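Chemist: Residue numbers 6 to 222, in our numbering, belong to the letters of the sequence shown in order.
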Amino acid sequence: MDEKTLIAKRVALELMDGDLVNLGIGLPTLVARYVPAGRHVFFQSENGIVGMSGPITGAENHDLTDAGGSPISALPGAASFDSAFSFGLIRGGHLDVTVLGGLQIDREGRLANWMVPGKMVPGMGGAMDLVTGARRVIVAMQHSAKGEAKIVERCALPLTSVRRVDLVVTDLAVIEPTDAGLVLKETAPGVTVEQVIANTGCELIIAPGLRSMPIEG
Numbered sequence: 006m007d008e009k010t011l012i013a014k015r016v017a018l019e020l021m022d023g024d025l026v027n028l029g030i031g032l033p034t035l036v037a038r039y040v041p042a043g044r045h046v047f048f049q050s051e052n053g054i055v056g057m058s059g060p061i062t063g064a065e066n067h068d069l070t071d072a073g074g075s076p077i078s079a080l081p082g083a084a085s086f087d088s089a090f091s092f093g094l095i096r097g098g099h100l101d102v103t104v105l106g107g108l109q110i111d112r113e114g115r116l117a118n119w120m121v122p123g124k125m126v127p128g129m130g131g132a133m134d135l136v137t138g139a140r141r142v143i144v145a146m147q148h149s150a151k152g153e154a155k156i157v158e159r160c161a162l163p164l165t166s167v168r169r170v171d172l173v174v175t176d177l178a179v180i181e182p183t184d185a186g187l188v189l190k191e192t193a194p195g196v197t198v199e200q201v202i203a204n205t206g207c208e209l210i211i212a213p214g215l216r217s218m219p220i221e222g
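1) Hey, could you find the ends of the beta strand (DSSP E) residue 30 is sitting in?
2) What would DSSP say about residue 190, mapped onto helix, strand or coil?
3) Is DSSP giving residue 85 helix, strand or coil here?
4) Any idea which residues DSSP pairs residue 304 with across the strands?
5) So which of 199, 133, 188 and 193 has the shortest CA-CA distance to residue 211?
6) Give me the residue from 146, 119, 134 and 108 with the minimum Cα distance to residue 224.
7) Would you tell me roughly how many angstroms separate the C-alpha atoms of residue 38 and residue 161, rounded to the nearest one?
8) List the DSSP bridge partners of residue 48.
9) Leaving out five residues on either side along the sequence, give the residues of the same chain with a beta carbon under 8 Å from the beta carbon of residue 185.
10) Would you be able to state if there are at least three C-beta pairs under 8 Å between the region 18 to 37 and the region 137 to 157?
11) Considering just the uninterrupted stretch of the alpha helix (DSSP H) at residue 201, what are its terminal residues?
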C-alpha cells in the first residue's frame, strides 16, 4: 500500500454516518474512495455542491468539478448552489468535518498549508474559512518532505488559522493536538515509536493506549 492510500484509508475511518464533509485539494480527495461500507457521508465542495462523488469512468463531466478543478459526478439528490451560499455553510459552522493537506503543523496543533516557498500562489483559497468554520479539522499529510520534518516546534510558513486542528494523520502516525501538546495515538503498520520521533521536529506525548493503525491491506 502506498503512503497516500494509507493516509486516506485511515482518515476515512474518522467519518461518521450522516457527516457533511469537505475534502481539500490533493491527497484529501482520495478519502472519498475509502469510506467504510454502509456508512453514508455527504461530500461538499466549496465551489458549490453537496452530494458529489468522484468521476464515473466514461461519464466524466468536465463542467462539474471540485474546488481543485478535477471532474466529479453528482449523486442522486445532490444540490448545487453559488459560492456565497457554499461559504455560508462553511462559515456558519454547518460542516461536520474538513480534511485538508498540510505543509507544517506546529507543537500547538496549528496548521500552515497554503504558501509554498518560491512559488507564486493566488492566496489560501477556502482553507482559512474551512479551518475556522468546520466542527472538526483533520489534516492528511506525509510526515516529512525531502528529509525535513513537517511537524515542527514552530511553523516557518504563514499560519492558515490560529485554531488548533483536531487530528493529524500521516504515513507514520496518528497524532492528536491537545492542551498538553501533540499526543501520539497510533503508529502506521510496521512503524516504531522511535521512527516517528526521529521524523518529528518537536516533542511528542506517547498515549497510554498507543496502538497500530487499524488498517487492513
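Glycine residues also receive a C-beta, built at the ideal position from the N, C-alpha and C atoms.
In this text the structure is predicted, and so the values were computed from the model without any measurement.
Modeler: Reading it off the structure:
1) To locate residue 30, count along the sequence shown from 1; it is residue 25. Residue 30 -> no beta strand (DSSP E), and no H or E assigned at all.
2) Translated into positions along the sequence shown, residue 190 becomes position 185. Three-state result, residue 190: strand.
3) Along the sequence shown, one-based indexing puts residue 85 at 80. It is a strand residue.
4) Summary: the structure shown does not reach residue 304, with the chain confined to residues 6 through 222, and so no result is reported for it.
5) Position 206 of the sequence shown, counted from the first residue, corresponds to residue 211. Cα-wise, what sits closest to residue 211 is 188.
6) Nothing about residue 224 can be reported from this structure: the residues present for the chain run from 6 to 222 only.
7) As a position in the sequence shown, residue 38 is number 33, starting the count at 1. As a position in the sequence shown, residue 161 is number 156, starting the count at 1. Using only the alpha carbons, I get a separation of about 33 Å.
8) To locate residue 48, count along the sequence shown from 1; it is residue 43. 26, per the DSSP bridge assignment.
9) Numbered from 1 along the sequence shown, position 180 holds the residue referred to as residue 185. Taken in chain order, the residues that qualify are 210.
10) yes
11) To locate residue 201, count along the sequence shown from 1; it is residue 196. Residue 201 -> alpha helix (DSSP H) spans 198 to 203.
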